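Here's the structure we're looking at; comments come further down.
Number of protein chains: 2
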Amino acid sequence: MSATALFVDSATIESQLAAARQAIATRENISRVVLTACGGSYAVMQPIEYFFGTTAKTLEATALNAAEFTSRASSRVDAETLVILCSHSGTTPETVQAAKHARERGALTVAFTFDPTSPLAEAAEYVVAYQHGEGKSEAHVGPALILRLVAGILDDREQAGLATAIDDAVAQLPALVPALREAHAVAADEWGYSSRREPLIYTLASGSNFGTAYSFAICLLQEMQWVHSAAIHAGEYFHGPFEITEEDVPFIALLGLDETRPVEQRAVDFLTSHSKRVLVIDAQEFGLDAVSPEVRGIFAHLLFNVVLRAYADALADHRGHPLSVRRYMWRMEY
Amino acid sequence: MSATALFVDSATIESQLAAARQAIATRENISRVVLTACGGSYAVMQPIEYFFGTTAKTLEATALNAAEFTSRASSRVDAETLVILCSHSGTTPETVQAAKHARERGALTVAFTFDPTSPLAEAAEYVVAYQHGEGKSEAHVGPALILRLVAGILDDREQAGLATAIDDAVAQLPALVPALREAHAVAADEWGYSSRREPLIYTLASGSNFGTAYSFAICLLQEMQWVHSAAIHAGEYFHGPFEITEEDVPFIALLGLDETRPVEQRAVDFLTSHSKRVLVIDAQEFGLDAVSPEVRGIFAHLLFNVVLRAYADALADHRGHPLSVRRYMWRMEY
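Protein chains in written order, with the numbering used here: chain A, 5 to 338; chain B, 5 to 338.
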């Protein structure tokens, strides 16, 4: 699959997004939302579950791994359910199967994928393509589009009044992203060098940023660097995991801007007092003054994704282990 | 706190359980359940979320860490919400705070705790004490009582018809538990010895057993043994984490009896082909013939807890590191 070959233009993406939003608004009896995917795409769903959980007055939302969703055959999936799915290639078998399972049970299905001709796009009722790789617009990446759709749903169904602020924030991504990469370039390089021989690096966050910490742990560290890792929820940290903290145990801790920041701050305070190997990334330094305060919290995870990627690139460089190398994926059937 | 000093008798526990069930049945407008706690008690809530998610036709359920629950101030907590909490000591500040937050918002609160005079017991409207330690009845431990309450809720609200089967299954615990400990004694000792120098051990499960895998990772390994760990969801394994699998990377993989067993089986098949250090614990060998087939899946997690504890005890023994030793807890304020 070549990135440029499949690139869907921004105007088409906007019309797909509008069509999905309209279809959801039209299906007036929807009362539940299931957000389902695998791995990095599942991680994208976790802040969306947080967005619903802190904003929705009537809509219920649950994020589930796609294999878990289909196999457990959740008892409350029917015509009142919206199922939002995501797979980058659109070929992830578990996610395609989840879309089929959801449709068989009468749910409305909306899939996000890089490839609008993929099996997932075929399986779902509505499709929103996103951009990725060389030449993409930072405002048309998958996580930003999912956030915009959900803000639209919350406006249409519950008059949340957030969609314009989210749209405006996302429109700033093409300026914010390169500025943040530049701002973190030196720190990322230093961290990559000093971490190059670490066999294990933990990540930590809560609220809408937990998914980003999870994604970094399972995709960037475990999958792409073969470095052991686990995402620790900042609220859980003091109830077990903190006992493995020592001065030489490395952590990446996120300080976000949502309601759970005090939970993250408490863990960061303990971590920085007991380990010398803590990288703290604070969204207060992301320069979000032009983003509406009411959406800064939920918006910040999009930028943590970008900033953390710079640290992963630097780590890969200093370890001589490109992020594209795999031991099993693309090499065998499993 | 002395275990025997606070021991609540079985008859009192049964009457507390009945009172909580009755109060929930009486509050007819309840449509949502939040399951909230921290660490090992939060892990107990995860199979309960699965039980609701696969059984409930009308009730919605969400499990959340207690600090996350209170700080995010979920938008849908009100008089239609039942909040079930658990803290062993009843003093966990985040869980006590969660009970207060829930009550302030009009929710019905039910707390499970070892100590019925604790701050959590004071903060919640209904309390169910449970037994623990020397002399306890295996049928009156916290996770078994929570499962019974929820089966009762599902019967009362939705005529699920499962409470009798769950009650009968729980009544078999006093016979099942010692038999399982005995059956696993030799294997646990061998595993404890062969794992004594491992710096990291992963756990893996899905569905109603994920909470048990999570608990073992964060409480037994990280907290009580200072061994690095992470609970990997079996459905997520192939989407990142499997790349850290090598012949010398140790895993404990659970094969349960619920709807997601095929998800666990697929991960176990890959694991056992690519690592020589995989301990597979299969609930098909738990001797549950006398447990009603319709509840075997959700019941099995109670026994995984017991069996895994035998492996933790053996590991602690061979490492010369008692499970009771802490680096921070009980030693400082945090």
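We treat Cβ as the ideally placed atom computed from N, Cα and C, and that holds for glycine. Since the structure is predicted, the reported quantities are computational estimates derived from the model, not experimental observations.
Contact set for residue i: own chain, Cβ-Cβ below 8 Å, skip 5 residues either direction
{"i": "A:A320", "result": "G196, M228, Q229, P326, L327"}
{"i": "A:D172", "result": "V295, S296"}
{"i": "A:K104", "result": "A127"}
{"i": "A:A22", "result": "none"}
{"i": "A:C42", "result": "N69, A70, A71, S91, T96, E98, T99"}
Residue i: first and last residue of the uninterrupted alpha helix (DSSP H) it sits in
{"i": "B:L327", "result": "No alpha helix (DSSP H) contains B:L327, which DSSP labels as neither H nor E."}
{"i": "A:T276", "result": "265–278"}
{"i": "B:T207", "result": "Looking at the DSSP string, B:T207 is not in any alpha helix (DSSP H); the run it does join, the beta strand (DSSP E), is 206–209."}
{"i": "A:Y218", "result": "214–219"}
{"i": "A:V145", "result": "Here A:V145 belongs to no alpha helix (DSSP H), and DSSP marks it neither H nor E."}
{"i": "B:E64", "result": "Where B:E64 is concerned, there is no enclosing alpha helix (DSSP H), although the beta strand (DSSP E) it sits in stretches over 64–69."}
{"i": "B:I17", "result": "14–30"}
{"i": "A:R36", "result": "No alpha helix (DSSP H) contains A:R36, which is instead part of the beta strand (DSSP E) from 36–41."}
{"i": "A:T99", "result": "97–108"}
{"i": "A:P123", "result": "123–127"}
Proximity test, Cβ basis, 9 Å: residue i and chain D
{"i": "B:E64", "result": "In the displayed structure, chain D is absent; the protein chains listed are A and B."}
The ligand NAP heavy atom lying under 8 Å from the CB of residue i
{"i": "B:L68", "result": "Among the components modelled here there is no ligand, and therefore nothing to report on the ligand NAP."}
Spatially closest choice to residue i from the options, by CA coordinates
{"i": "B:V284", "options": "B:L259, B:H92, B:Y241, B:S210", "result": "B:L259"}
{"i": "B:E184", "options": "B:C42, B:Q26, B:V311, B:V48", "result": "Inspection of the sequence shows that residue 184 of chain B is occupied by Leu rather than by Glu. Among B:C42, B:Q26, B:V311, B:V48, the Cα nearest to that of B:L184 belongs to B:V311."}
{"i": "B:E162", "options": "B:A128, B:A60, B:A125", "result": "B:A60"}
{"i": "A:A27", "options": "A:T99, A:T113, A:L204, A:P97", "result": "A:T113"}
{"i": "B:S78", "options": "A:R152, A:D273, A:T85, A:E64", "result": "A:E64"}
{"i": "B:A128", "options": "B:T40, B:F56, B:D160, B:A271", "result": "B:T40"}
{"i": "A:L292", "options": "A:V100, A:V181, A:S199", "result": "A:V181"}
{"i": "B:G239", "options": "B:F255, B:E250, B:F214", "result": "B:F214"}
{"i": "B:A384", "options": "B:L177, B:L149, B:A179", "result": "Outside the displayed range of chain B (5 to 338) lies residue 384 of chain B, so it cannot be described from this structure."}
{"i": "A:L86", "options": "A:V48, A:V154, A:L124", "result": "A:V154"}
{"i": "B:E142", "options": "B:D193, B:A287, B:Q176, B:A169", "result": "B:Q176"}
{"i": "B:P178", "options": "B:P147, B:K140, B:V231", "result": "B:K140"}
{"i": "B:R313", "options": "B:G244, B:V329, B:A189", "result": "B:A189"}
{"i": "A:E67", "options": "A:C90, A:V38, A:D82, A:E84", "result": "It is worth fixing the name first, because residue 67 of chain A is Ala in this sequence and not Glu. Residue A:V38 is the option with its Cα nearest to A:A67."}
{"i": "B:S122", "options": "B:G57, B:E108, B:E298, B:T99", "result": "B:T99"}
{"i": "B:T58", "options": "A:N69, A:E247, A:C223, A:R80", "result": "A:R80"}
{"i": "B:R31", "options": "B:S91, B:G110, B:F246, B:E298", "result": "B:G110"}
{"i": "B:I256", "options": "B:A169, B:R300, B:L275, B:G244", "result": "B:L275"}
{"i": "A:I339", "options": "A:R107, A:A102, A:F56, A:T117", "result": "Because residue 339 of chain A is not part of the residues shown, which for chain A are 5 to 338, the question remains open."}
{"i": "B:S277", "options": "B:R323, B:P245, B:E250, B:C223", "result": "B:E250"}
Cβ shell of residue i (< 6 Å), same chain only, five flanking positions each side left out
{"i": "B:S212", "result": "P51, Y54, D262, I302, H305"}
{"i": "B:W334", "result": "none"}
{"i": "B:F242", "result": "none"}
{"i": "B:A29", "result": "D160"}
Nonlocal neighbours in the same chain, by C-beta distance under 7 Å from residue i, ignoring five residues either side
{"i": "B:A187", "result": "none"}
{"i": "A:A7", "result": "Reliability of the predicted coordinates at A:A7 is poor, the pLDDT of 46 falling under 50, and the value obtained from them is presented with this limitation in mind. Correct list, in chain order: H136, G137, E138."}
{"i": "A:Q20", "result": "V131, V132, A133"}
{"i": "B:A234", "result": "Y206, A221"}
{"i": "A:M5", "result": "Bear in mind that a pLDDT of 42 at A:M5, under 50, signals an unreliable position, so the number given afterwards is only what the model happens to contain. For A:M5, where only same-chain residues beyond five positions count, the Cβ hits under 7 Å are S93, D119."}
{"i": "B:S199", "result": "I205, P254, L319"}
{"i": "B:S210", "result": "H237, A238, G239, T264, V267, E268"}
{"i": "A:L225", "result": "I205, V231, S233"}
{"i": "A:Y218", "result": "A47, Q50, A235"}
{"i": "A:Y338", "result": "Y332"}
{"i": "A:E84", "result": "N33, I34, S35, R36"}
Inter-residue CB distance, residue i and residue j (contact presumed, cutoff 8 Å)
{"i": "B:H144", "j": "B:S14", "result": "6 Å"}
{"i": "B:I3", "j": "B:R331", "result": "Because chain B in this structure spans residues 5 to 338, residue 3 of chain B falls outside the shown range and cannot be described."}
{"i": "B:V48", "j": "B:G146", "result": "6 Å"}
{"i": "B:L151", "j": "B:A115", "result": "With 8 Å as the limit, B:L151 and B:A115 do not qualify as a contact, their Cβ atoms being about 16 Å apart."}
Residue range of the beta strand (DSSP E) that includes residue i
{"i": "A:L259", "result": "255–259"}
{"i": "B:E186", "result": "Unbroken run through B:E186 is the alpha helix (DSSP H), 177–198; no beta strand (DSSP E)."}
{"i": "B:H237", "result": "235–237"}
{"i": "B:Y130", "result": "130–133"}
{"i": "A:L283", "result": "282–286"}
{"i": "A:L89", "result": "85–91"}
{"i": "A:L112", "result": "112–117"}
- Message: Quick test of the definition: if touching needs 3 or more C-beta pairs under 8 Å, does the stretch 69–80 of chain B touch the stretch 264–284 of chain A?
- Response: yes
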